[in-house]
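Novice: Got a structure for you, written out below as structure tokens; questions coming shortly.
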Amino acid sequence: MRAEELLQPRPAGLYCPPGDFYIDPVRAVDRALVTHGHADHARAGHRSVMATRETLDIMAIRYGDGFAGSRQTALPGQAVRIGGVGVTFFPAGHVLGSAQILVERDGLRIVVSGDYKRRSDPTCSGFELVPCDVFITEATFGLPVFVHPDDGEEIGKLLQSIADFPGRTHLLGAYALGKAQRLIGLLRSCGYHEPIYVHGAFARLCEYYQTQGIELGALPPATTGEKVDFAGKLVLGSPSAFSGPWMRRFADPLICYASGWMRIRQRARQQGVELPMIISDHADWRELTQTIRETGAQKVWVTHGREEALVRWCTLNGISARPLNIVGYDDESE
Amino acid sequence: MKRFAQLLDLLTLTPARNGKLALLTAYFSATADPDRGYALAALTSNLDLPGVKPAVIRTLILERMDPELFAYSYDFVGDLAETVSLVWPEGGRGAGAPLSLAKVVERLRTASRTDAPAILSAVLDRLDASGRYAVLKLVTGGLRAGVSSRLAKQALAQFGGVDVGEIEEIWHGLEPPYIELFSWLEGTARKPEIRLAAPFRPVMLANPVTGRDLEQLAPSDFLAEWKWDGIRVQLTSARGTTRLYSRTGDDISAAFPDIVGGVEFDGTIDGELLIGRPPDDVRTFADLQQRLNRKTVTAGMQKSHPAFMRCYDLLFEGERDLREETLQRRRERLKLMLERMPPGRFDLSPTLGFSGWDELERLRNEPPQPVIEGVMLKRRDSVYTAGRPKGPWFKWKRDPFVIDAVLMYAQRGHGKRSGYYSDYTFGVWTDDGKLVPVGKAYFGFTDEELREIDRFVRENTVERYGPVRSVRADPSFGLVLEVAFEGLNRSSRHKSGVAMRFPRISRLRWDKPPAEADRLESLQALLA
Numbered sequence: 015m016r017a018e019e020l021l022q023p024r025p026a027g028l029y030c031p032p033g034d035f036y037i038d039p040v041r042a043v044d045r046a047l048v049t050h051g052h053a054d055h056a057r058a059g060h061r062s063v064m065a066t067r068e069t070l071d072i073m074a075i076r077y078g079d080g081f082a083g084s085r086q087t088a089l090p091g092q093a094v095r096i097g098g099v100g101v102t103f104f105p106a107g108h109v110l111g112s113a114q115i116l117v118e119r120d121g122l123r124i125v126v127s128g129d130y131k132r133r134s135d136p137t138c139s140g141f142e143l144v145p146c147d148v149f150i151t152e153a154t155f156g157l158p159v160f161v162h163p164d165d166g167e168e169i170g171k172l173l174q175s176i177a178d179f180p181g182r183t184h185l186l187g188a189y190a191l192g193k194a195q196r197l198i199g200l201l202r203s204c205g206y207h208e209p210i211y212v213h214g215a216f217a218r219l220c221e222y223y224q225t226q227g228i229e230l231g232a233l234p235p236a237t238t239g240e241k242v243d244f245a246g247k248l249v250l251g252s253p254s255a256f257s258g259p260w261m262r263r264f265a266d267p268l269i270c271y272a273s274g275w276m277r278i279r280q281r282a283r284q285q286g287v288e289l290p291m292i293i294s295d296h297a298d299w300r301e302l303t304q305t306i307r308e309t310g311a312q313k314v315w316v317t318h319g320r321e322e323a324l325v326r327w328c329t330l331n332g333i334s335a336r337p338l339n340i341v342g343y344d345d346e347s348e
Numbered sequence: 058m059k060r061f062a063q064l065l066d067l068l069t070l071t072p073a074r075n076g077k078l079a080l081l082t083a084y085f086s087a088t089a090d091p092d093r094g095y096a097l098a099a100l101t102s103n104l105d106l107p108g109v110k111p112a113v114i115r116t117l118i119l120e121r122m123d124p125e126l127f128a129y130s131y132d133f134v135g136d137l138a139e140t141v142s143l144v145w146p147e148g149g150r151g152a153g154a155p156l157s158l159a160k161v162v163e164r165l166r167t168a169s170r171t172d173a174p175a176i177l178s179a180v181l182d183r184l185d186a187s188g189r190y191a192v193l194k195l196v197t198g199g200l201r202a203g204v205s206s207r208l209a210k211q212a213l214a215q216f217g218g219v220d221v222g223e224i225e226e227i228w229h230g231l232e233p234p235y236i237e238l239f240s241w242l243e244g245t246a247r248k249p250e251i252r253l254a255a256p257f258r259p260v261m262l263a264n265p266v267t268g269r270d271l272e273q274l275a276p277s278d279f280l281a282e283w284k285w286d287g288i289r290v291q292l293t294s295a296r297g298t299t300r301l302y303s304r305t306g307d308d309i310s311a312a313f314p315d316i317v318g319g320v321e322f323d324g325t326i327d328g329e330l331l332i333g334r335p336p337d338d339v340r341t342f343a344d345l346q347q348r349l350n351r352k353t354v355t356a357g358m359q360k361s362h363p364a365f366m367r368c369y370d371l372l373f374e375g376e377r378d379l380r381e382e383t384l385q386r387r388r389e390r391l392k393l394m395l396e397r398m399p400p401g402r403f404d405l406s407p408t409l410g411f412s413g414w415d416e417l418e419r420l421r422n423e424p425p426q427p428v429i430e431g432v433m434l435k436r437r438d439s440v441y442t443a444g445r446p447k448g449p450w451f452k453w454k455r456d457p458f459v460i461d462a463v464l465m466y467a468q469r470g471h472g473k474r475s476g477y478y479s480d481y482t483f484g485v486w487t488d489d490g491k492l493v494p495v496g497k498a499y500f501g502f503t504d505e506e507l508r509e510i511d512r513f514v515r516e517n518t519v520e521r522y523g524p525v526r527s528v529r530a531d532p533s534f535g536l537v538l539e540v541a542f543e544g545l546n547r548s549s550r551h552k553s554g555v556a557m558r559f560p561r562i563s564r565l566r567w568d569k570p571p572a573e574a575d576r577l578e579s580l581q582a583l584l585a
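Shown next as structure tokens:
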């Protein structure tokens, strides 16, 4: 069987004809397999959804219980058959519940990576390497300029700044699912045990993480009617909230932003970020290329991000590669 | 090197001027010589590394990585120094071993064209990404850290507890790494003596006329002159060396050979740099702008935009310091000196006859030429004092132009204003009944008014583009802003064809329907 017969890009997303299912479809379909809970991968309105238990929970939190007609829980590492196609979910290390999906038929193995990272994260299971013939990789940070430094160093910068500017409120911008909780976890493991104020939009997901046994410490709300003196405090919120009226309650705010994009100085500067922290839930260039090598895949298909550069790297390294143009994934959100 | 790299990163990301000043002062205190001196040289664009050209950087990186991968990276990042700093292979020879800024500078400074590539790559191998960025910025010039040489000097003044004028005065006699300057600022040595011929002298500035300033003053005590819309310059010549300085002491001689070349005098003249042919042909500031901020100037440019200096004060005559003499006396000496200078390039700023403040006020508001922006008042008996002393000199500007414009777009502010839409683009009506943007202003209103406009913007948003919102603005509904501005230039960059100088919001006209706002043709009439 040719790889293109087992999985192929369609307008709605990556489609498997023999199994009649889509992976991370960008519009409503009959049967969807979902790698993780980020909004551009997990959409509401499918007739049936298969995903890990955590991803299903997160979708229910975000979209309400009726987010899909029916749901099926995928157990990590356990193969199931869908229309003669073997399907197995493996941890991707991206956010809580995130998975890669192995699709096999007649001995042909294709792994859809979803979004992934290789370094350890206190808030989700680590990436598991799955050998395969075809590896479909993300490319969010698919340029040699993207090298994420050690997380501890980046957290250290923030802690130092909090100590240096006790009169200012540190406003840390991060993506609501995954990044926010990971930052809190990292801060706690670096010895920061003060309350971390969180924007209302983050509260439910943080609570959910805590019900899953992930310790996040005291997280009082930053969106309350009560007057709180935020000087010297750390507040976590979505960057989009930083431009709204919510911001006005903070005296002399110092804007911090945790994202892989912060590697580019002028980009941080343009966004008005004073303290950029290079912390990402995606693989950096070295991890992307290392993973491609380690899977042993002879063919690589590259999706969402900077496809050209990763395809070029594969070509230089004797691996057949092509971009897989699927529209609808939002590579800016991190 | 680490400290300098860190300083550069912090300066790049700190938007506030005071924040930058604090970073610079802290750096000067914590860093030893000669490192801090080389940093200062880099920040004030006084570091010359002639052996290393940007092309060398490109060649070096392409020896180390695939050209196509480099091209994708450069495309994305958009800055050569930053791209190369990020993709340079880590863990080269001697990586992590300490390397001082001074060492780097000294090595690169003495590098010849042939050994520059090897020296630069050895330096890059030893540094981390941030250090590499700093070095590559030194090499390519232009640190892009948002620090002017004026700001750097201000930080030095703060660091040493001296007036910035004192630093400007000796600046051109000093050289990197500025050891004697720092020793003086730290109080361990005397103020450096200037050995430079034709040094800069800190200038005397005027205060604006406010409130009832003039009521207590006798008109006969004052000399009045037109206030010309050029730039303040100082021309100084001694022992065959002639230099032209800006008011902050930057040497701009190279861009104005038509002023500096072939004049024979000894002394220091204070005046206004203008474009045109004196006495009557004086062109606008827009014409002068064509000649500013250039390293050199073509013969064609000197012909189409000839510069001249309208002189109003004499600080030195030969070796003789006239600054303690009265203005009246200085002007007499100046007049005599100018008689011996080429009249096409130098003339005396004429004084205005007036008998009372009322008469001067009329002159101020109806100047004979558009390039005049008001009048200057100087006490006849005033001595020349550096800085902005209160009392002897006044500037009395023409009342600003005012138009009613309609708010079209609003952009979010930064810092204290984050969370508010505080930068406003406004427009006026064209013949076919459309609004065309004519300017942008972000001050002139009170905090209370800011909140009111912000509320209006949020409630009447039509579209959003990132940090910008367009707001409802049609003849029957919208917000009219009274905008004050100092002048108008022709502009090919703006759709409206005009660019305002120094626009600010002077009043909110909630009462006025947008249909009654001004039309483009009334602005165009001001250009004539």
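Quick note, the sequences are listed as chains V and H, same order. Under the numbering used here, read the first sequence as residues 15 to 348, first letter to last. Under the numbering used here, read the second sequence as residues 58 to 585, first letter to last. Glycine included, each C-beta is placed from N, C-alpha and C at the ideal position.
1) Do tryptophan 285 of chain H and leucine 331 of chain H have their beta-carbon atoms positioned less than 8 Å apart in this structure?
2) List, in order along the chain, the chain V residues whose C-beta lies closer than 8 Å to that of methionine 122 of chain H?
3) Would serine 257 of chain V pass as an interface residue toward chain H - the criterion being a Cβ-Cβ separation below 8 Å?
4) Would you call the segment 120 to 139 of chain V in contact with the segment 295 to 313 of chain V, where contact means no fewer than 3 C-beta pairs closer than 8 Å?
5) Skipping 5 residues on each side, what residues in its chain have a beta carbon closer than 8 Å to that of arginine 334 of chain H?
6) Kindly indicate the opening and closing residues of the beta strand (DSSP E) around serine 479 of chain H.
7) Between methionine 261 of chain V and chain H, is the shortest Cβ-Cβ distance under 8 Å, so that the two count as touching?
8) Helix, strand or coil, according to DSSP, for alanine 582 of chain H in the structure here?
9) Check the Cβ-Cβ distances between threonine 71 of chain H and every residue of chain V, and say whether any is below 8 Å.
10) Specify the secondary structure class of arginine 112 of chain V as computed by DSSP and reduced to three states.
11) What residues of chain V sit near glycine 135 of chain H, judged by a beta carbon separation below 8 Å?
12) Using the Cα positions of proline 234 of chain V and isoleucine 210 of chain V, report the straight-line distance between them to the nearest angstrom.
13) Taking 8 Å as the threshold (beta carbon to beta carbon), is arginine 283 of chain V in contact with chain H?
14) By the DSSP assignment, the alpha helix (DSSP H) with aspartate 92 of chain H in it spans what residues?
15) Compare the C-alpha of threonine 137 of chain V against each of V/Val48, V/Tyr29 and V/Thr225 and name the closest.
16) DSSP three-state label for threonine 66 of chain V, please.
17) With a cut-off of 8 Å on the beta carbons, I'd call glycine 385 of chain V and histidine 318 of chain V a contact; round off their distance for me.
18) What residue from H/Pro146, H/Ala175, H/Gln211 and H/Val113 has the CA that sits closest to glycine 76 of chain H's CA?
19) Using beta carbons (cut-off 8 Å, strictly below), is glutamate 139 of chain H in contact with chain V?
20) So for arginine 351 of chain H, helix, strand or coil by DSSP?
21) Assign threonine 267 of chain H to buried or exposed, taking buried as 16 or more other Cβ atoms, counted over all protein chains shown, within 10 Å of its Cβ.
22) Measure the C-alpha to C-alpha separation of glycine 135 of chain H and valine 325 of chain V and round it to an integer number of angstroms.
23) Can you tell me which of H/Met557, H/Ala574 and H/Glu520 puts its alpha carbon nearest to the alpha carbon of serine 533 of chain H?
24) Quick one: which chain V residues come within Cβ less than 8 Å of valine 528 of chain H?
25) With a CB to CB cut of under 7 Å and the five nearest residues on each side skipped, what residues in its chain are close to leucine 584 of chain H?
26) At a CB distance below 7 Å, what residues from the segment 196 to 210 of chain H approach chain V? Give them in sequence order.
27) According to DSSP, which residues form a beta bridge with alanine 311 of chain H?
28) Any Cβ of chain V within less than 8 Å of the Cβ of tyrosine 499 of chain H?
29) Would you check if there are 3 or more beta carbon pairs closer than 8 Å linking the segment 429 to 440 of chain H to the segment 378 to 387 of chain H?
30) To the nearest angstrom, how far is the alpha carbon of methionine 398 of chain H from that of glycine 375 of chain H?
31) With DSSP collapsed to three states, give me the class of phenylalanine 239 of chain H.
32) What do you get for arginine 521 of chain H, buried or exposed, if any count of 16 or more other CB atoms within 10 angstroms of its CB means buried?
33) Tell me whether valine 459 of chain H is buried or exposed, calling it buried when 16 or more other Cβ atoms sit within 10 Å of its Cβ.
34) Between which two residues does the alpha helix (DSSP H) harbouring serine 216 of chain V extend?
35) I need the DSSP call for aspartate 38 of chain V, collapsed to helix, strand or coil.
36) Is it buried or exposed, threonine 238 of chain V, if we count other Cβ atoms within 10 angstroms and call 16 or more buried?
Specialist: For this structure:
1) Sequence index remark: in the second sequence, residue 331 of chain H carries index 274 (1-based). Sequence index remark: in the second sequence, residue 285 of chain H carries index 228 (1-based). A contact, by the Cβ cut-off of 8 Å.
2) For the purposes of this step, residue 122 of chain H is taken as the residue at position 65 of the second sequence. Going along chain V in sequence order, the residues near methionine 122 of chain H (Cβ under 8 Å) are Pro158.
3) Here the question's residue 257 of chain V lines up with position 243 in the first sequence. At least one CB of chain H lies nearer than 8 Å to the CB of serine 257 of chain V.
4) yes
5) Counted from its first residue, the second sequence places residue 334 of chain H at position 277. Cβ neighbours of arginine 334 of chain H beyond the five flanking positions: Pro363, Phe365 and Gly401.
6) On the second sequence, residue 479 of chain H is found 422 positions in, with the first residue counted as 1. Per DSSP, serine 479 of chain H belongs to the beta strand (DSSP E) from 478 to 486.
7) Locating residue 261 of chain V in the first sequence gives position 247, where the first residue counts as 1. Closer than 8 Å: yes.
8) Translated into positions along the second sequence, residue 582 of chain H becomes position 525. Alanine 582 of chain H: helix per DSSP, three-state reduction.
9) Position 14 of the second sequence, counting from 1, holds the residue named residue 71 of chain H. Chain V contact via Cβ: present.
10) Taking the first sequence and counting its residues from 1, the one referred to as residue 112 of chain V is at position 98. Note on residue identity: the sequence assigns serine, not arginine, to residue 112 of chain V. When secondary structure is reduced to three states using DSSP, serine 112 of chain V falls in the coil class, being assigned neither helix nor strand.
11) For this step, residue 135 of chain H is matched to residue 78 along the second sequence. By Cβ distance, chain V contributes Gln280.
12) As a first step, residue 234 of chain V is located in the first sequence; it is residue number 220 there, counting from the start. As a first step, residue 210 of chain V is located in the first sequence; it is residue number 196 there, counting from the start. Looking at the two C-alpha atoms, the distance is approximately 7 Å.
13) Along the first sequence, one-based indexing puts residue 283 of chain V at 269. Arginine 283 of chain V has a beta carbon lying within less than 8 Å of a beta carbon in chain H.
14) Here residue 92 of chain H refers to the residue found at position 35 of the second sequence. Its alpha helix (DSSP H) spans residues 92 to 100.
15) Your numbering for residue 137 of chain V matches position 123 in the first sequence. It is V/Thr225.
16) For the purposes of this step, residue 66 of chain V is taken as residue 52 along the first sequence, with counting starting at 1. Three-state result, threonine 66 of chain V: strand.
17) Outside the shown range of chain V (15 to 348) lies residue 385 of chain V, about which nothing can therefore be said.
18) Position 19 of the second sequence, counted from the first residue, corresponds to residue 76 of chain H. Among H/Pro146, H/Ala175, H/Gln211 and H/Val113, the Cα nearest to that of glycine 76 of chain H belongs to H/Gln211.
19) For the purposes of this step, residue 139 of chain H is identified with residue 82 of the second sequence, where counting begins at 1. Residue-level contact by beta carbon holds for glutamate 139 of chain H and chain V, with a gap shorter than 8 Å.
20) Here the question's residue 351 of chain H lines up with position 294 in the second sequence. Note: arginine 351 of chain H maps to coil in three-state DSSP.
21) Mapped onto the second sequence, residue 267 of chain H falls at position 210. With fewer than 16 other Cβ atoms within 10 Å, it is exposed.
22) Locating residue 135 of chain H in the second sequence gives position 78, counting from the first residue. Locating residue 325 of chain V in the first sequence gives position 311, counting from the first residue. Going from the Cα of glycine 135 of chain H to the Cα of valine 325 of chain V covers about 21 Å.
23) The sequence position of residue 533 of chain H within the second sequence is 476, counting from 1. The shortest C-alpha separation from serine 533 of chain H is found at H/Ala574.
24) Here residue 528 of chain H corresponds to residue number 471 of the second sequence, with the count starting at 1. In chain order: nothing, as chain V lies at least about 16 Å away.
25) The residue labelled residue 584 of chain H in the question sits at position 527 within the second sequence. In the same chain as leucine 584 of chain H, and ignoring 5 residues on each side of it, the C-beta atoms closer than 7 Å to its own belong to Leu545, Arg547 and Val555, in chain order.
26) none
27) Residue numbering aside, residue 311 of chain H sits at position 254 when the second sequence is read from its first letter. DSSP, once it has assigned bridges, lists no residue as partnering alanine 311 of chain H.
28) Here residue 499 of chain H corresponds to residue number 442 of the second sequence, with the count starting at 1. Taking Cβ atoms only, chain V never reaches closer than 8 Å to tyrosine 499 of chain H, which makes this a no.
29) yes
30) Translated into positions along the second sequence, residue 398 of chain H becomes position 341. Translated into positions along the second sequence, residue 375 of chain H becomes position 318. Our two residues, methionine 398 of chain H and glycine 375 of chain H, have alpha carbons roughly 15 Å apart in a direct line.
31) What you label residue 239 of chain H is simply residue 182 of the second sequence in a count that begins at 1. Reduced to three states, the DSSP call for phenylalanine 239 of chain H is helix.
32) Locating residue 521 of chain H in the second sequence gives position 464, counting from the first residue. Classification of arginine 521 of chain H: exposed, given that the 10 Å Cβ count is below 16.
33) Residue 459 of chain H sits at position 402 when you count from the first residue of the second sequence. That one is exposed.
34) Within the first sequence, numbered from 1, the residue matching residue 216 of chain V stands at position 202. The displayed chain sequence assigns phenylalanine, not serine, to residue 216 of chain V. DSSP places phenylalanine 216 of chain V in the uninterrupted alpha helix (DSSP H) bounded by 214 to 225.
35) As a working note, residue 38 of chain V is residue 24 in the first sequence. Aspartate 38 of chain V: coil per DSSP, three-state reduction.
36) Looking up residue 238 of chain V in the first sequence gives position 224. Answer is exposed; the Cβ neighbour count stays below 16.
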